[in-house]
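Reading the sequence shown from the start, the letters are residues 1 to 240 in full-length UniProt numbering.
By construction, the Cβ of each residue, glycine as well, lies at the ideal position given by its N, Cα and C atoms.
Encoded as structure tokens, the structure appears first; notes follow it.
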Amino acid sequence: MMLLITGCGGSDTSNTPTTSSSARPSGSVYEPPDEVRNATVVWSAEPGIDLFSTAATLARAARESDIIGSYAGLEHTYPGYAKALDRPYATHYDVESYRGTIAGTMLHHIQRIQDTGDGYLVEYCALPNAYGQLDDGRYRRWYGRGSALAARFTRNDDAPAPATTTPTATPNPAPDPMHWQAPTYNVFTGWTVSYVVNDTSCDDWALSLYPDAPVENEISYSDTPPPVQPAYPGWPTQPD
């Protein structure tokens, strides 16, 4: 199942395989690859959902890793994601034609979190209207009502106990909110990540932000990158 926002694949002008322009840093601190460095992710949620809860944190880390993996390759995703990922889905990142560089802001909204007994099912929406992908020197833009996605997180024997406090401390130095932010620790320790179908609609959320958004994505091109919104909520330091 394709989890990039519908219509947000790579350039259709070339099928030549590409490689990421940035290698995994040799040190212990993860850094986002160049393909996403000039983009940000902004998350929101339905009332009562804490974006720093265990389930929401897993969902944010998985979705952001999925984006990075699609545009830069699985080897550039957040620490621990490749190991936690359900094996059949890993082949998704072998599709070189999705690779590319993005700019602007990717908007996401958590709709629902369900406790499954052995973990969580998280349903969320992704909206493409505020970002673009570099395509032959121009930025390809999408405008629509987004896509409904879902991820399942299953505990394994190494799963830590659920956090009882919300992490609030930020890394020192604090990351630049106008560039891609990433966790400084392995969010996925003790979890398996898989993706499932989400049949719910994203229309209410999308239309609250873009009242004239069409049912089907509209595509346009721009010579300049989309403006960047500050990343939210970002990634605090690892909770105790």
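Self-check item: Buried or exposed (CB count within 10 angstroms, at least 16 for buried), T54
Solution: Here residue 54 refers to the residue found at position 54 when the sequence shown is read from its first residue. When all chains shown are included, T54 counts as buried.
Self-check item: Beta-carbon proximity check, G100 vs Y71, cutoff 8 Å
Solution: On the sequence shown, position 100 is the one that residue 100 refers to. On the sequence shown, position 71 is the one that residue 71 refers to. The answer is yes: Cβ separation under 8 Å.
Practice problem: Run through the region 80-145 for me and flag every whole beta strand (DSSP E) of 3 or more residues, listed as ranges in chain order. | Solution: The qualifying runs are 102-115, 119-127, 131-135 and 138-143.
Exercise. Could you tell me the boundaries of the alpha helix (DSSP H) in which W205 lies?
Key: Within the sequence shown, numbered from 1, the residue matching residue 205 stands at position 205. Where W205 is concerned, the enclosing alpha helix (DSSP H) stretches over D203 to L209.
Self-check item: DSSP three-state assignment for T170, whether helix, strand or coil
Solution: In the sequence shown, the residue the question calls residue 170 occupies position 170. Because T170 sits at a pLDDT of 45, beneath the cut-off of 50, its placement in the model cannot be relied upon, and the following sentence gives the value as read from the coordinates. Looking at T170 - three-state DSSP - the assignment turns out to be coil, as it is neither helix nor strand.
Practice problem: Quickly, what does DSSP pair R63 with across the bridge? List them, please. | Solution: In the sequence shown, the residue the question calls residue 63 occupies position 63. R63 pairs with nothing; no bridge assigned.
Quiz item: Should E35 go down as buried or exposed, given a rule of 16 or more other Cβ atoms within 10 Å for buried?
Solution: Numbered from 1 along the sequence shown, position 35 holds the residue referred to as residue 35. With 16 or more other CB atoms across the displayed protein chains lying within 10 angstroms of its CB, E35 is buried.
Exercise. Please report the Cβ distance between V197 and D86, rounded to the nearest whole angstrom; I am assuming they are in contact, meaning their Cβ atoms lie under 8 Å.
Key: Counted from its first residue, the sequence shown places residue 197 at position 197. Counted from its first residue, the sequence shown places residue 86 at position 86. Cβ-Cβ separation between V197 and D86: approximately 14 Å, too far for a contact (criterion under 8 Å).
Quiz item: CA-CA distance, Y124 and Q111?
Solution: The residue you call residue 124 lines up with position 124 of the sequence shown. The residue you call residue 111 lines up with position 111 of the sequence shown. Taking C-alpha positions only, Y124 is separated from Q111 by approximately 5 Å.
Quiz prompt | Inter-residue CB distance, F188 and A84 (contact presumed, cutoff 8 Å) | solution = Residue 188 sits at position 188 when you count from the first residue of the sequence shown. Residue 84 sits at position 84 when you count from the first residue of the sequence shown. F188 to A84, Cβ: 4 Å. Contact.
Self-check item: Same chain, Cβ closer than 7 Å to S26, neighbours up to 5 away in sequence not counted
Solution: For the purposes of this step, residue 26 is taken as residue 26 along the sequence shown, with counting starting at 1. Per-residue confidence for S26 stands at a pLDDT of 46, beneath the threshold of 50, marking its modelled position as unreliable; no derived number is given.
Quiz item: Do you know whose CA, among P183, P128 and T116, lies nearest S220's CA?
Solution: Residue mapping note: residue 220 aligns to position 220 of the sequence shown, counting from 1. Per the Cα distances, P128.
Quiz item: Just checking, does the region 129-147 make contact with the region 200-220 on the three C-beta pairs under 8 Å criterion?
Solution: Yes: at least three Cβ pairs fall under 8 Å.
Quiz item: In this structure, what does DSSP give as the bridge partners for F153?
Solution: For the purposes of this step, residue 153 is taken as the residue at position 153 of the sequence shown. DSSP lists Y120 and V193 as partners of F153.
Quiz item: Given a threshold of 16 other Cβ atoms within 10 Å of its Cβ, counted over all protein chains shown, does P79 qualify as buried or as exposed?
Solution: Taking the sequence shown and counting its residues from 1, the one referred to as residue 79 is at position 79. Burial check for P79: the Cβ neighbour count within 10 Å reaches 16 or more, so the residue is buried.
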